[in-house]
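Throughout, our numbering is defined as the position within the sequence shown, counted from one, plus 1277. Comments concern the structure below.
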Amino acid sequence: NCETFNPIGPWFVTADEVPDPQALGLRLWVNGEPKQAGSTADQIFPVAEVVRYLSQFMALYPGDVINTGTPAGVAMGQPDPKPYLRAGDVVELEIDGLGRQRQVLADA
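So, in structure tokens, the structure goes:
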């Protein structure tokens, strides 16, 4: 993520709409091809532990966003030539109960 750039959505939900934050499916496609699939249950640190840890160093307020990373399948972990994103690529990300977002990459 870069300063002023952190696409989130397509909508927000409240905590009562997410029965178990450790049981959310995560999926990502690039140009319609599945690249990542996993669950928050697969993450190294549970969501509650991440919140607890961060709150030792900074104040957290309602509405704050904590980015936790993604499941296995990132380009850096692939064999050469690495399939890095390029202008024109379409990236779609879906999280159970939170919807799907679509980003079209452009030249910087």
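Glycine residues also receive a C-beta, built at the ideal position from the N, C-alpha and C atoms. Since we're looking at a predicted model, the values are computed, not measured.
Give the DSSP-derived three-state secondary structure of L1301 in the structure shown.
coil
Spell out a yes or no on whether the stretch 1302 to 1322 and the stretch 1333 to 1349 are touching, meaning 3 or more CB-CB pairs, one atom from each, closer than 8 Å.
yes
Is it right to say K1359 is buried, meaning 16 or more other beta carbons lie within 10 angstroms of its own, or is it exposed?
exposed
Report back the beta-carbon spacing between V1368 and I1343 to the nearest angstrom; my notes put them in contact at under 8 Å.
About 21 Å separates the two Cβ atoms, so there is no contact after all.
For L1370, which residues does DSSP report across the bridge?
L1305 and Q1378
Closest Cα partner of L1301 within the set L1370, A1383 and Q1380
L1370
Would you please state the rounded distance, in angstroms, between the beta carbons of P1284 and Q1380? I believe it to be under 8 Å.
6 Å
Measure how close the beta-carbons of D1222 and A1364 come, nearest whole angstrom, since I'm counting them as under 8 Å.
Outside the displayed span of the chain (1278 to 1385) sits residue 1222, for which this structure offers no information.
Are the beta-carbon atoms of P1296 and V1324 separated by less than 7 Å?
no
Please report how far the alpha carbon of L1331 lies from the alpha carbon of I1321, in whole angstroms.
15 Å
Nearest candidate by alpha-carbon position, reference R1377, set F1282, T1281 and P1287
P1287
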